[in-house]
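Enquirer:
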Amino acid sequence: RDYFCVPLFGSFMSTETLLKLRRRFKTIVYWLDPDKYLVSVRMMMRTSTLIQSHVIKADKDPKDYTSAEVVSYVEECLH
Numbered sequence: 007r008d009y010f011c012v013p014l015f016g017s018f019m020s021t022e023t024l025l026k027l028r029r030r031f032k033t034i035v036y037w038l039d040p041d042k043y044l045v046s047v048r049m050m051m052r053t054s055t056l057i058q059s060h061v062i063k064a065d066k067d068p069k070d071y072t073s074a075e076v077v078s079y080v081e082e083c084l085h
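Right under this line is the structure:
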């Protein structure tokens with residue numbers, strides 16, 4: 007709603023997708039389901055050598071939050 011998002015089907019990002027994102031953005035923020043937090047941390051560690059990467063740890067999926075709450079989580083993550 008407030009940011010450009012890419013769904014990760016199966017909690018995996020291909021190298022091709024990463025390279026496309028790197029050309030367009032300077033930072034990636036991973037926000038997966040709460041039970042996939044460690045998966046997102048691993049992806050962040052893998053991709054952080056190519057692009058600035060962060061992870062959000064939350065109790066719910068982004069779709070379960072209001073726009074204001076999503077913005078708050080992302081802004082907190084980036085600062």
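Residue numbering for the sequence shown follows the working numbering, starting at 7 and increasing by one per position.
Every residue, glycine too, gets a C-beta built ideally from N, C-alpha and C.
Can you look up residue 20 in the DSSP assignment and give me helix, strand or coil?
Expert: Indexing the sequence shown from 1 puts residue 20 at position 14. Reduced to three states, the DSSP call for residue 20 is coil.
Enquirer: For residue 12, count the other beta carbons within 10 Å of its own beta carbon; 16 or more makes it buried, fewer makes it exposed. Which is it?
Expert: By 1-based counting over the sequence shown, the position of residue 12 is 6. Exposed.
Enquirer: If you scan the region 28-68 from start to end, which runs of the alpha helix (DSSP H) of 4 or more residues do you find wholly inside it?
Expert: Runs found: 43-53.
Enquirer: Could you check where the alpha helix (DSSP H) with residue 79 kicks off and where it finishes?
Expert: Looking up residue 79 in the sequence shown gives position 73. Run containing residue 79: 73-84, per the alpha helix (DSSP H) assignment.
Enquirer: Using the three-state DSSP reduction, which class does residue 70 fall into: helix, strand or coil?
Expert: Walking along the sequence shown from the start, residue 70 turns up at place 64. Three-state result, residue 70: helix.
Enquirer: On the three-state DSSP scale, how would you describe residue 25?
Expert: Translated into positions along the sequence shown, residue 25 becomes position 19. Reduced to three states, the DSSP call for residue 25 is helix.
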